[in-house]
Amino acid sequence: MPKNSTPQIKDPELYETLRGDGASAEKAARISNAAANQGRASIGRKGGKAGSYDDWTIIDLKKRAKELGLTNYSAKKKA
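Residue numbers (my numbering): 9 to 87.
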């Protein structure tokens with residue numbers, strides 16, 4: 009039976025950096041442990057990809073600009 013049953017941080021330097029950037033303790037621990045196990049490069053490649061605005065219609069672009077609180081978007085052109 010292990011003496012200490014609490015979870016261990018495998019990459020304390022990355023954990024402290026993430027905590028300093030405002031990440032929760034759970035999120036920082038999850039990311040730092042995954043980086044230690046799988047390598048930082050493979051963890052950095054995870055995540056979604058943002059789509060290109062080139063494929064959006066002008067109407068959709070104007071809706072998105074309004075959602076973001078941008079002004080003067082009606083004068084902008086789709087380049």
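For glycine and all other residues, C-beta sits at the position ideal for the given N, C-alpha and C. The model shown is predicted, which means the values in this text are computed figures rather than measured ones.
- Item | L26 - DSSP class collapsed to helix/strand/coil | In the three-state scheme derived from DSSP, where H, G and I count as helix and E and B as strand, L26 is classed as helix.
Apply the 10 Å Cβ neighbour rule to A83 and answer buried if 16 or more other Cβ atoms are within range, or exposed otherwise. Its Cβ having fewer than 16 others within 10 Å, A83 is exposed.
| query | Is the beta carbon of A43 less than 8 Å from the beta carbon of D19? | reply | A contact, by the Cβ cut-off of 8 Å.
| query | What's the call for A36, buried or exposed, on a 16-neighbour Cβ count within 10 Å? | reply | Label assigned to A36: buried.
Going by beta carbon distance, what residues of the same chain come within less than 8 Å of D29, once the five residues before and after it are set aside? The beta carbon of D29 sits closer than 8 Å to no other beta carbon from its chain once the five residues preceding and following it are set aside.
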